[in-house]
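What follows is one structure encoded as structure tokens, with my remarks underneath.
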Amino acid sequence: MGRNGPEIYLNRQNGQWPPPTRRFAIRPGPRDIGTCSRVSSPSRVGGQHPRPRGTMKRPTDPHPVIETLLDGADDDAARPSPRSPSRASAPSARRPRAGEGRHVSRRRRTSSKFVRRRIMVAAAAAVCVTMVAGISFVSATYFQVVGNLADNAVGRADGTGTEISGWDGAVNILIMGSDSRDGQTSADYGEAGGARSDVMMLLHVSADREDATLISIPRDTMLPTPECTTPAGDIVPAQEAAQINGALENGPFCSLDTIRAFTGLPIDHFIVVGFDGVIGITEAIGGVDVCVENDIADDYSGLYMTAGTHTLKGEAALAFLRTRHGFADGSDLGRIQAQQAFLASLARKVTSAGTLTNPGALYGLADSASKAMTVDEALAQPSSLVALAQTLSNVDLSRIVMLQLPVVPYWADPNRVEPLTEETDAIFATLRADLPLSFQDDEAPDAPAGVAPEPQPDDAPQPEDAAGAPSEPLTLSDDIVGRTAEDTTCAS
0 MGRNGPEIYL NRQNGQWPPP TRRFAIRPGP RDIGTCSRVS SPSRVGGQHP RPRGTMKRPT
60 DPHPVIETLL DGADDDAARP SPRSPSRASA PSARRPRAGE GRHVSRRRRT SSKFVRRRIM
120 VAAAAAVCVT MVAGISFVSA TYFQVVGNLA DNAVGRADGT GTEISGWDGA VNILIMGSDS
180 RDGQTSADYG EAGGARSDVM MLLHVSADRE DATLISIPRD TMLPTPECTT PAGDIVPAQE
240 AAQINGALEN GPFCSLDTIR AFTGLPIDHF IVVGFDGVIG ITEAIGGVDV CVENDIADDY
300 SGLYMTAGTH TLKGEAALAF LRTRHGFADG SDLGRIQAQQ AFLASLARKV TSAGTLTNPG
360 ALYGLADSAS KAMTVDEALA QPSSLVALAQ TLSNVDLSRI VMLQLPVVPY WADPNRVEPL
420 TEETDAIFAT LRADLPLSFQ DDEAPDAPAG VAPEPQPDDA PQPEDAAGAP SEPLTLSDDI
480 VGRTAEDTTC AS
């Protein structure tokens, strides 16, 4: 803990401790939320550069012209006569011409009306310009995002695929985080081979658009892989067991086909997010608040954090998402918990009023994300983007369930994992039936108000209909790691 609150250090030269020259301090800001600021250079006085002599100060009046006009209009109505009081009270030396007094009064009233009319015209023009600028901004953002996605879209060699806009039921999309490090160097975040999906999540959105489930699949999970075709048209033979993060080397459709065969869900679309996406997204929205229970000292990613709440953005956010040795036993399972905490905070930040009402933040968010994303050709279509946005817009944060796929050590290699069959089968059977998942301390979905659900033992079988499919929502056991998007629990 530093003198100014929790601190975070990002060391891009791996293995250096104590913290290197690139030092960032997290200082408590308004409402006790940490804000990230660069530690002041010793050459500065009081942490600020002195203002050069002779430079002009910014005027304190934000609208001097408008206020001058308003002042002028008020003065016309209340300004006293320029004549001295003695002359004003003395009889006039000459008789005024007929109608002279009325003429002067009308001229003053005309001047006041003219000033007020100018103000009204200026205000109306400002409103019109704002409306036109807003429409142009939305249009430019939309076409910019569409163009970015179209440039990075990938199609199947056989041309198969459907448009998401035609789906009236549940939506299933495979989301992968690629460590291909486009635009990065190996020295930044450790060595890497080919393209791998170190982050893999399956998103399921219910047909009624009221529930969403995000399942994190550990990178070391061993799964059977079916025969698949690369974007170049090459055939990749099936394997009885392979580490799931290596499937991306043969193209995203090979990863998609593997997860579709494993879950039994109709997954037709994918999103691959590169490193630059995390950096750009977090910088566009001003950072993401994360809380850690313990200090982090990871020589591999170069990330050093003290316990507490931090606002992470840019490279620091990316290092937090990639660190494995900073949590628990240094495995990918601990990293998934940290990623879930980060994504929950990101969802709260993106859906907050401060982001949704900030055009600059929205544009930066959409532009950064779309530039770093690779999607299938059908998902890159404008109609598909609109349908996807509508699909996710109505889901409440409390009904976005994030969980880790239940796994156990792989029988042939304890450094790998394999799915826990019974729990995994129950989860995907529930999603195939388009029923929601919930944690034990949550109220069961769709339960009548004021009526508590009947308690059931953890090993109680899930109710099924005549066809063998589940007929009720699934309550997850305490052994399954996860949270909802509104959960603010610290990562441990």
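Residue numbering for the sequence shown follows numbering that gives the first Met the number 0, starting at 0 and increasing by one per position.
We put the beta carbon where it would ideally sit given N, CA and C, even for glycine.
Since the model is a prediction, treat every value here as computed from it, not as a measurement.
Handout entry: DSSP bridge partner residues for Arg431 (one or two, in chain order)
Key = Position 432 of the sequence shown, counting from 1, holds the residue named residue 431. Per DSSP, none; premise fails for Arg431.
Exercise for the section: Measure the C-alpha to C-alpha separation of Ala246 and Arg347 and round it to an integer number of angstroms. Expected result: Taking the sequence shown and counting its residues from 1, one reaches residue 246 at position 247. Taking the sequence shown and counting its residues from 1, one reaches residue 347 at position 348. Spanning the two alpha carbons is a distance of roughly 32 Å.
Practice task
Along the alpha helix (DSSP H) that carries Ile278, what are the first and last residues, could you check?
Solution key: What you label residue 278 is simply residue 279 of the sequence shown in a count that begins at 1. First-last of the alpha helix (DSSP H) with Ile278: 274-283.
Handout entry: Residues bridged to Thr229 (per DSSP)
Key = Numbered from its first residue, the sequence shown carries residue 229 at position 230. DSSP lists no partner for Thr229.
Exercise for the section: Starting from Pro408, trace the beta strand (DSSP E) both ways and give me its first and last residue. Expected result: What you label residue 408 is simply residue 409 of the sequence shown in a count that begins at 1. Boundaries of the beta strand (DSSP E) harbouring Pro408: 406-409, taken from the DSSP string.
Practice task
Name the residue from Gly363, Gly481, Leu473 whose alpha carbon lies nearest to the alpha carbon of Asn147.
Solution key: For the purposes of this step, residue 147 is taken as the residue at position 148 of the sequence shown. Answer by Cα proximity: Gly363.
Exercise for the section: Spell out the partners DSSP gives Asp412 in its beta bridges. Expected result: Position 413 of the sequence shown, counting from 1, holds the residue named residue 412. According to DSSP, Asp412 bridges with Tyr409.
Handout entry: Run of the alpha helix (DSSP H) containing Asp331, from where it starts to where it stops
Key = Along the sequence shown, one-based indexing puts residue 331 at 332. Its alpha helix (DSSP H) spans residues 331-349.
Exercise for the section: Identify whether Gln238 lies in helix, strand or coil by the three-state DSSP scheme. Expected result: Along the sequence shown, read from residue 1 onward, the residue named residue 238 stands at position 239. Strand, per DSSP.
Practice task
Count the other CB atoms, across all protein chains shown, that sit within 10 Å of the CB of Asn171; report buried if there are 16 or more and exposed otherwise.
Solution key: On the sequence shown, residue 171 is found 172 positions in, with the first residue counted as 1. Asn171 counts as buried, since at least 16 other C-beta atoms from the protein chains shown sit within 10 angstroms of its C-beta.
Handout entry: Cys506 (DSSP reduced to helix, strand or coil)
Key = Past the edges of the chain, shown from 0 to 491, lies residue 506, and the structure says nothing about it.
Exercise for the section: Rank Asn249, His324, Met304, Glu422 by C-alpha distance to the C-alpha of Ala231 and give the top, closest one. Expected result: In the sequence shown, counting from the first residue as 1, residue 231 sits at position 232. Ranking the options by Cα distance to Ala231, first place goes to Asn249.
Exercise for the section: Alpha carbon to alpha carbon, how far is Gly481 from Phe438? Give it in angstroms, no decimals. Expected result: The residue given as residue 438 occupies position 439 in the sequence shown. The residue given as residue 481 occupies position 482 in the sequence shown. So the alpha carbons of these two residues sit roughly 8 Å apart.
Practice task
For Gly168, collect the residues of the same chain with a Cβ closer than 8 Å to its Cβ; drop the 5 residues on either side in sequence, then sort them by chain order.
Solution key: To locate residue 168, count along the sequence shown from 1; it is residue 169. Same-chain partners within the cutoff: Ala206, Asp433.
Exercise for the section: Flag this pair as yes or no: are the beta carbons of Leu202 and Thr262 separated by less than 8 Å? Expected result: By 1-based counting over the sequence shown, the position of residue 202 is 203. By 1-based counting over the sequence shown, the position of residue 262 is 263. Not closer than 8 Å, so no.
Problem - Cβ-based burial, Thr420 [other Cβ within 10 Å; buried from 16] - result: Within the sequence shown, the letter at position 421 stands for residue 420. The residue in question, Thr420, is exposed, as its Cβ has fewer than 16 Cβ neighbours within 10 Å.
Exercise for the section: Please name the residue, chosen from Gly307, Thr423, Arg208, that lies closest to Asp478 on a Cα-to-Cα basis. Expected result: The sequence position of residue 478 within the sequence shown is 479, counting from 1. Comparing Cα-Cα distances from Asp478 to each of Gly307, Thr423, Arg208, the minimum goes to Thr423.
Exercise for the section: Decide if Thr310 is buried, meaning its Cβ has at least 16 other Cβ atoms within 10 Å, or exposed. Expected result: The residue you call residue 310 lines up with position 311 of the sequence shown. Looking at its Cβ environment, which holds 16 or more other Cβ atoms inside 10 Å, Thr310 is buried.
Exercise for the section: Consider the C-beta atom of Val289 and the heavy atoms of the ligand NAP; say whether any pair is separated by less than 7 Å. Expected result: Looking for the ligand NAP in the displayed structure turns up nothing, as the structure carries no ligands at all.
Exercise for the section: Specify the secondary structure class of Glu417 as computed by DSSP and reduced to three states. Expected result: Mapped onto the sequence shown, residue 417 falls at position 418. Strand at Glu417.
Handout entry: Three-state class that DSSP yields for Ser177 in the structure shown
Key = In the sequence shown, residue 177 corresponds to position 178, counting from 1. In the structure shown, Ser177 sits in a strand (DSSP, three-state: E or B).
Practice task
Classify Arg205 as helix, strand or coil using the three-state DSSP reduction.
Solution key: Locating residue 205 in the sequence shown gives position 206, where the first residue counts as 1. Per the sequence presented here, residue 205 reads as Ser, with Arg not at that position. Ser205: coil per DSSP, three-state reduction.
Problem - Range of the contiguous alpha helix (DSSP H) that encloses Pro358 - result: One-based indexing of the sequence shown puts residue 358 at position 359. Note, Pro358: alpha helix (DSSP H), 358-370.
Practice task
Please name the residue or residues paired with Leu311 in a DSSP beta bridge.
Solution key: Translated into the one-based positions of the sequence shown, residue 311 becomes position 312. Note: Leu311 sits in a beta bridge opposite Val287.
Exercise for the section: Look up Leu473 in the DSSP assignment and say whether it is helix, strand or coil. Expected result: Indexing the sequence shown from 1 puts residue 473 at position 474. Strand.
Exercise for the section: Tell me Gln403's beta-bridge partners as DSSP assigns them. Expected result: Within the sequence shown, the letter at position 404 stands for residue 403. Gln403 pairs with Ser215.
Practice task
Look at Ser177 and Gly279 and say whether their C-beta atoms are less than 8 Å apart.
Solution key: Working through the sequence shown from its first residue, we reach residue 177 at position 178. Working through the sequence shown from its first residue, we reach residue 279 at position 280. No, Cβ-Cβ distance for Ser177 and Gly279 is not below 8 Å.
Handout entry: Limits of the unbroken beta strand (DSSP E) element including Ser437
Key = Counting from 1 along the sequence shown, the entry for residue 437 is found at position 438. First-last of the beta strand (DSSP E) with Ser437: 436-438.
Practice task
Please state if the CB of Asp219 and the CB of Val416 are separated by a distance shorter than 8 Å.
Solution key: Reading the sequence shown from its first residue, position 417 is the one you call residue 416. Reading the sequence shown from its first residue, position 220 is the one you call residue 219. Contact: yes.
Practice task
Could you check how far apart the C-beta atoms of Met221 and Ala240 are, in whole angstroms? I think they sit under 8 Å.
Solution key: On the sequence shown, residue 221 is found 222 positions in, with the first residue counted as 1. On the sequence shown, residue 240 is found 241 positions in, with the first residue counted as 1. 5 Å between Cβ atoms; contact.
Practice task
State the Cα-Cα distance for the pair Thr474 and Asp210, rounded to the nearest angstrom.
Solution key: Mapped onto the sequence shown, residue 474 falls at position 475. Mapped onto the sequence shown, residue 210 falls at position 211. Between Thr474 and Asp210, the C-alpha separation is close to 14 Å.
Practice task
My understanding is that Thr322 touches Ser300, with C-beta atoms under 8 Å, so please give their C-beta distance in whole angstroms.
Solution key: For the purposes of this step, residue 322 is identified with residue 323 of the sequence shown, where counting begins at 1. For the purposes of this step, residue 300 is identified with residue 301 of the sequence shown, where counting begins at 1. So it is a contact: roughly 4 Å between Cβ atoms.
Handout entry: Where Gly318 falls, given that 16 or more other Cβ within 10 Å makes a residue buried
Key = Within the sequence shown, the letter at position 319 stands for residue 318. The question names Gly, but residue 318 is Ala in the sequence shown. Ala318 should be labelled buried.
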